[in-house]
Amino acid sequence: MGHKKREHHVEITVERDGNDTHASASMRWRDADLVGTGDAELEDGERYPKRVGEELAVARALTHLTRQLFVTTAGDIESVTGESTSVR
């Protein structure tokens with residue numbers, strides 16, 4: 056059996072406006088464009104570096120994207136088994 060390697064690329068975009076940070080994580084999966092989004096807001100006066108808001112927003116965007124892939128996978132399994140399923 057031959058070894059197969061596939062590469063999938065995720066593009067992450069981060070926008071910061073003051074204490075608010077928005078991130079999106081996008082990828083092409085089969086014939087669909089999937090986009091996950093995430094937000095973070097740091098309160099005025101917090102001691103955390105600004106990168107904490109960026110890290111949170113990116114993590115949330117990737118989590119959102121992951122959930123979409125789980126839904127896609129569940130649909131693929133259901134199409135074969137005919138039974139409702141949940142994957143995590």
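Positions 56 to 143 (our numbering) are the ones given, in order, by the sequence shown.
All residues carry an ideal CB built from backbone N, CA and C; glycine is no exception.
Roughly how many whole angstroms lie between the Cα atoms of Thr140 and Asp99? 44 Å
Start-to-end residues for the alpha helix (DSSP H) that takes in Gly100: Counting along the chain, Gly100 sits inside no alpha helix (DSSP H), nor does DSSP assign it H or E at all.
If Ala112 and Thr68 are in contact, beta carbons under 8 Å, what's the gap, nearest whole angstrom? Actually they are not in contact, since the Cβ atoms of Ala112 and Thr68 sit about 10 Å apart, beyond 8 Å.
Is the Cβ-Cβ distance between Ile80 and Leu124 less than 8 Å? Note that residue 80 is Ala in the sequence shown, not Ile. In this structure, Leu124 does not lie closer than 8 Å to Ala80 by Cβ.
Here's the rule: buried if 16 or more other CB atoms are within 10 angstroms of the residue's CB, otherwise exposed. What is Glu109? buried
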